[in-house]
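Residue numbers (our numbering), protein chains in the order written: chain H, 209 to 470; chain L, 41 to 488.
Don't be surprised by glycine CBs; every beta carbon is placed ideally from N, CA and C.
Below: one structure, written as structure tokens.
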Amino acid sequence: MYVFVCEDSLEGIFTGVYDACASRLGHRNIRLTTGEPENYELFSEYIPVTPSADKTGKVIRTITSRFGMQFYESIYQAVMSGETHSDKKMDKADAVYETILLALSCGDGQKVLLSLGEPCVYRIFELCRATNHEAHRHLEFLRFSELENGVLFASIHPKDNVLPYIAEHFTDRLPSENFMIYDETHQTVAVHKAYKSYLLADADDLDLDKIKRYSENEQEYRKLWLTFFDHIAIDPRRNPKLQIQMMPRRYWSDMTELIRFA
Amino acid sequence: MNIQQNMSLTEKLAILTDAAKYDVACTSSGVDRKGDGRHTGNCISAGICHSFAADGRCISLLKILFTNECIFNCAYCQNNCNSDVPRASFTPDEVCTLTMEFYRRNYIEGLFLSSGILISPDYTMDLIYQTLYKLRHEHHFNGYIHVKAIPGADPVLIQRTGFLADRMSINLELPTADGLKKLAPYKSRRTILKPMRLIQNGITENKQELTVYRKAPQFVPAGQSTQMIIGATPENDYQIMRVAETLYRNFDLKRVFYSAFINVNGDANLPALPGGPPLLREHRLYQADWLLRYYDFTVDELLSEDRPDFNIYLDPKCDWALRHLEDFPVEINRAPYRTLLRVPGIGYKSARRIVQARRTATLDFSDLKKIGVVLKRALYFITCSGRMMYRTKLEENYICAGLMSDRTQIPRDIRESGYRQISLFDCGMADQTVLPQSQMIAEELAAN
């Protein structure tokens, strides 16, 4: 068995897919794994994959031209998931690899994505759904604060790498605002300048002092929001369990109105 | 009336939020609008909930009253002119600032503006119109706006407001005209249904206009909704659902909301409800409402004059299936989409996935599980390639017992509180309710 060890990123996994296909070792003898495995198997050969933009581009081109954008989007969303491998479930990179092989042999990407009976396709479906969910939750629960210099700032802790999707949404929604979204899990920042497109950057250069200096009005609007939040609940219908079900605890620490309960 | 001057914005917000919270609708769905690249706001058709209050209800819109001063005396409403509550009014500018500042911080998806009736319906509607005009044209707000049409207001005002809002609603308040007469003497069926028809016609005309002129201004693009109070008057579920069905069919409503009655005024005309608001009843009505809108059911299939109330122990779909065992079992690999929709445990999403997936492969129970079918409910009603999942009997008592063992069917507090809650439903609803057979079985089971 040959195991290709991929980096947990779009480039890492797609380069892995490319290398695995190009190695001509026979698909049945190949497995992909995301990140360094915890335990090495005795009779497997481990091949590290160096991410390459060139190979990634080739894979993307093949996928989009042969199976369409929708197929690529599903694969992309699955790759963006933070869940890499567990004992029970299939590895992320391996699921991507096998699904692409399946699509290549069948020639119809949409048809492959519907055959949930295949373990790899089901895994892609699961990962995709999880990422979508996480992304949507962040559109809901992300909170901006206004800084001294008028910039809107939000920090988030997503499980999956959903920052590009979120940034896209807020660029469309708030075109006239300067805003920053700081993904603390993945240490990346999305920066948006008014009337421009957004860009993604590494969080190394982020000035951690500046993001704590709020504008004059910020406290007042927070207070107003808390007032609204507390008064909108109907007492005889109180149902904390339902509240948590709809809005899991792990989001609370980033939310203006709930950080006091977190 | 207790009118205070010089209140701070926070105090006003507290009063006017409290006054608005019994309104149910807080959805931001039904319209897809991209940002224009210059001004604040866009809309997503699925809607976005931004938070959930302590009662578990979603907070999507800034739900406030413009003013809680009111000349009407509706018995169920805490803002009626006889009740002694602090009164406050916003100015249009305050509403605009709050909306814009909350929106840019991603607290809300838009504005839900309702109002008590100040001076006259026309005067109030005009204030609402002015506020929306400011928000749309001075602040260039492009997000979601849900606004109430005031019953009895001038049709021209309602029409103009409709061009600024995404969704409009007029509350039906009570399911029958008698109830309305008793509890809301200043309102009548006519003043409620007339503007509803007006908005409906406006939407239809606007749709035709939009096919000719793509850039024509949109009139209430997310449609209209309404709400009914449940449990304040002795209507049964059958009457309520019939009203809802009529509204969907004849008035093209997007949603009908049901609001479990909470006695805020202690009015002698109203039931006291010592066990809290009738939440389970509300839940069953919503379940049935979904069956009407997405599952192709009609009210007459679910309820009838003889059995006018929903089964407390089983959801309306299971209840229906138990009474129609002759239609089951259903073969997953062959049954048409509409038949699949009627199987308990299969939702419209999983039904769609089944139809797609069986084109390429024969489905088995393990596949169904992956697709998202709730097998603990569905297993009594389906076969895969002619086989059932386990050896089960197609018999009402047997299946009912099986379904009842599923603890998610009944909310926990009600399951545990047992008969106290149930007797509550029966009293006041009808003198002597004849329990349908499956319900009697269910009650026996609960007792054991």
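How would you list, in chain order, the residues of chain H whose beta-carbon sits under 7 Å from the beta-carbon of residue i?
i        : result
L/Arg78  : Pro383, Ser384
L/Lys410 : Leu324, Tyr330
L/Thr50  : Lys431, Leu432, Thr435
L/Gly75  : Asp380, Arg381, Pro383
L/Glu141 : Tyr429
Could you work out which residues of chain H lie near residue i, taking near to mean beta carbons separated by less than 9 Å?
i        : result
L/Phe112 : Those within 9 Å of L/Phe112 in chain H number zero; the least Cβ separation is about 22 Å.
L/Lys552 : Outside the displayed range of chain L (41 to 488) lies residue 552 of chain L, so it cannot be described from this structure.
L/Lys103 : Phe436, Ile440
L/Gly385 : Within chain H, no residue comes near L/Gly385; the closest Cβ sits about 17 Å away, beyond 9 Å.
For residue i, return the contacting residues in chain H, with the cut-off set at a CB-CB distance below 8 Å.
i        : result
L/Lys550 : The shown model of chain L, from 41 to 488, leaves out residue 550 of chain L, and the question about it has no answer.
L/Thr400 : Lys319, Leu322, Ser323
Run the CB neighbour count on residue i, radius 10 Å, all protein chains shown included, and call it buried at 16 or more, exposed below.
i        : result
L/Lys52  : buried
L/Val196 : exposed
L/Asp340 : exposed
L/Gly252 : Note that residue 252 of chain L corresponds to Val in the displayed sequence, not to Gly. Exposed, by the Cβ-count rule.
L/Phe465 : For L/Phe465, the predicted structure reports a pLDDT of 42, less than 50, and the residue's modelled location is therefore unreliable. A value from the coordinates is still provided. Buried.
L/Pro314 : exposed
H/Asp462 : buried
H/Pro456 : exposed
L/Asp346 : exposed
L/Asp329 : buried
L/Gly77  : exposed
L/Arg393 : buried
H/Asp415 : exposed
L/Cys467 : Here L/Cys467 scores only 38 on pLDDT, less than 50, and its place in the model should not be relied on; the value that follows carries that caveat. So L/Cys467 counts as exposed.
L/Thr244 : exposed
H/Asp391 : buried
L/Thr57  : buried
H/His346 : buried
H/Ser449 : A quick correction: the sequence has Lys, not Ser, at residue 449 of chain H. H/Lys449 is exposed by the Cβ-count criterion.
H/His341 : exposed
L/Ile198 : buried
L/Tyr459 : In this predicted model, L/Tyr459 has a pLDDT of only 36, less than 50, meaning its place in the structure is not dependable enough to derive any value.
H/Arg468 : exposed
L/Gly192 : buried
L/Gln461 : Its pLDDT being 38, under 50, L/Gln461 is placed unreliably by the model, and nothing is read from it.
L/Ser463 : Note that L/Ser463 scores 37 on pLDDT, short of 50, meaning its location in the model is unreliable and no value can be drawn from it.
L/Ala128 : buried
H/Glu281 : exposed
H/Gln427 : exposed
L/Asn351 : buried
H/Ile364 : buried
Would you grab the beta carbon distance between residue i and residue j for me? Rounded to a whole angstrom, and I think it's under 8 Å.
i        : j        : result
L/Glu183 : L/Glu149 : Rather than Glu, the amino acid found at residue 183 of chain L in this sequence is Gly. Confirmed, about 6 Å.
H/Ala441 : L/Ala94  : 4 Å
L/Ser513 : L/Leu105 : With chain L covering 41 to 488 only, the question about residue 513 of chain L has no answer from this structure.
H/Leu355 : H/Arg421 : 6 Å
Consider the Cβ of residue i: report whether some Cβ of chain A lies at a distance smaller than 8 Å.
i        : result
H/Asn447 : Given the protein chain composition of this structure (H and L), no chain A is represented.
Can you name the residues of chain L whose CB is closer than 7 Å to the CB of residue i?
i        : result
H/Glu348 : Ile88, Cys89, His90
H/Glu465 : Ser91
H/Met388 : Those within 7 Å of H/Met388 in chain L number zero; the least Cβ separation is about 13 Å.
Run down chain L in chain order and give the residues with a C-beta less than 8 Å from the C-beta of residue i.
i        : result
H/Leu310 : Within chain L, no residue comes near H/Leu310; the closest Cβ sits about 11 Å away, beyond 8 Å.
H/Arg351 : Arg145, Asn146, Tyr147
H/Leu360 : Arg144, Arg145
H/Met493 : What the structure shows of chain H is the stretch from 209 to 470, and residue 493 of chain H is not part of that stretch, so it cannot be assessed.
H/Met454 : Cys89, Phe92, Gly96, Cys98
Listing by chain order, which chain L residues have their CB less than 9 Å from the CB of residue i?
i        : result
H/Leu450 : Phe92, Asp95, Gly96, Arg97
Output the residue ranges of the alpha helix (DSSP H) runs that lie fully inside the region 233 to 301 of chain L and measure 4 residues or longer, sorted by chain position.
-> Whole alpha helix (DSSP H) segments, 4+ residues: 277 to 291.
Taking 8 Å as the threshold, find out whether the region 372 to 386 of chain H comes into contact with the region 344 to 359 of chain H through three or more Cβ pairs.
-> Flag = yes, the region 372 to 386 of chain H and the region 344 to 359 of chain H touch.
Segments assigned alpha helix (DSSP H), at least 4 residues, entirely inside the region 417 to 449 of chain L = The region 417 to 449 of chain L contains these whole alpha helix (DSSP H) runs: 436 to 444.
At what residue ranges does the region 60 to 117 of chain L contain a whole run of the beta strand (DSSP E), taking only runs of 3 or more?
-> Assignment of beta strand (DSSP E) within the region 60 to 117 of chain L, counting only whole runs of 3 or more residues, yields 101 to 105 in chain order.
Say whether the region 164 to 182 of chain L touches the region 85 to 95 of chain L, bearing in mind that this needs 3 or more beta-carbon pairs closer than 8 Å, one atom from each stretch.
-> The region 164 to 182 of chain L vs the region 85 to 95 of chain L: no contact.
Contact the region 198 to 218 of chain L vs the region 253 to 261 of chain L: 3+ CB pairs below 8 Å = Flag = yes, the region 198 to 218 of chain L and the region 253 to 261 of chain L touch.
Is it true that the region 368 to 376 of chain H meets the region 285 to 292 of chain H, where meeting means three or more beta-carbon pairs spaced less than 8 Å apart?
-> Taking a cut-off of 8 Å on C-beta distances, the region 368 to 376 of chain H touches the region 285 to 292 of chain H, as three or more cross pairs fall below it.
Stretch pair the region 369 to 386 of chain L + the region 423 to 442 of chain L: three plus CB contacts closer than 8 Å | They touch, by the three-pair rule.
The region 313 to 328 of chain H touching the region 427 to 443 of chain H, judged by at least three CB pairs closer than 8 Å = Counting Cβ pairs under 8 Å, fewer than three are found: no touch.
Unbroken alpha helix (DSSP H) runs of length 4 or more, entirely within the region 116 to 200 of chain L: which are they?
-> The qualifying runs are 132 to 144, 161 to 173.
Curious, which full-length beta strand (DSSP E) runs of at least 3 residues does the region 246 to 273 of chain H contain?
-> 253 to 256, all fully within the region 246 to 273 of chain H.
Do three or more CB pairs link the region 403 to 418 of chain L to the region 374 to 387 of chain L at distances below 8 Å?
-> Yes, the region 403 to 418 of chain L touches the region 374 to 387 of chain L.
Report yes or no: do the region 256 to 266 of chain H and the region 216 to 223 of chain H share at least 3 C-beta pairs separated by less than 8 Å?
-> Counting C-beta pairs closer than 8 Å gives three or more between the region 256 to 266 of chain H and the region 216 to 223 of chain H, which meets the contact rule.
Any contact of the region 290 to 303 of chain L with the region 57 to 68 of chain L, i.e. 3+ C-beta pairs under 8 Å?
-> With a cut-off of 8 Å, the region 57 to 68 of chain L and the region 290 to 303 of chain L count as touching, because enough Cβ pairs lie within range.
Please go through the region 368 to 412 of chain H and give each complete beta strand (DSSP E) segment of 3 or more residues, from N-terminal end onward.
-> Secondary structure in the region 368 to 412 of chain H: the beta strand (DSSP E) runs of 3 residues or longer, each lying completely within the stretch, are 387 to 391, 396 to 400, 406 to 410 in chain order.
Would you check if there are 3 or more beta carbon pairs closer than 8 Å linking the region 101 to 117 of chain L to the region 399 to 406 of chain H?
-> The region 101 to 117 of chain L vs the region 399 to 406 of chain H: no contact.
Let me know the beta strand (DSSP E) ranges lying completely inside the region 212 to 250 of chain H, each 3 residues or longer, listed in chain order.
-> Runs found: 238 to 242.
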